[in-house]
Amino acid sequence: MKRIAILTFALLAHGAWAAGIKVENAWIRATVPGQQVAGAFMTITSPEKAMLTGAQSSAAGNMEVHTMNMNNGVMEMREIKVLPLPKGKPVKLSPGGFHLMLFDLKQPMKAGEIVPIKLTIETENKKPQVIEVKAQVRDMQGGMMH
Ligand SMILES: [Cu+2]
0 MKRIAILTFA
10 LLAHGAWAAG
20 IKVENAWIRA
30 TVPGQQVAGA
40 FMTITSPEKA
50 MLTGAQSSAA
60 GNMEVHTMNM
70 NNGVMEMREI
80 KVLPLPKGKP
90 VKLSPGGFHL
100 MLFDLKQPMK
110 AGEIVPIKLT
120 IETENKKPQV
130 IEVKAQVRDM
140 QGGMMH
């Protein structure tokens, strides 16, 4: 499926800093009534080598980290358990690439709403850290197939 989308990446004022980990431009794609899943996107920069190992939100029953690839012209998504965060290099979660998936939505995602997401980030030899991010729901054209 070909995705046609016009994306505007505006920096949100709600940047989150915790343990030096920077999360910018966190947003969730608005859903239509009856839709049970939504994609969440953001840019994560870690000052040291780390990994994203999970996410949670009060707005969703479950969340997964996904990767998306084109395979013979077909968009394919699969869950990944670990998303590496190289030292100092921004990792962009965006439509068509890495993203977070919200499942079993408690309510529709309406444009303009702010939804909290908790990211679990681990560095070598350290306890996992939970970083709370505020994601803005945005209405975007185009869809993501599941
Ligand atoms: Cu997905």
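Residue numbers (numbering that gives the first Met the number 0): 0 to 145. Here a beta-carbon is modelled for each residue, glycine too, at the ideal position from N, C-alpha and C. Everything numeric in this text was worked out from a predicted model, so none of it was measured.
- Counting C-beta atoms within 10 angstroms of its own C-beta, A110 has fewer than 16 neighbours from the protein chains shown and is therefore classed as exposed.
- One Cα belongs to V81, the other to D103, and the distance between them is close to 22 Å.
- If you draw a 10 Å sphere on the C-beta of V22, you find 16 or more other C-beta atoms in it, and that means buried.
- For I79, no beta strand (DSSP E) run applies, since DSSP gives it neither H nor E.
- Below 8 Å, too few C-beta pairs join the stretch 52-60 and the stretch 85-92 to call them touching: fewer than three.
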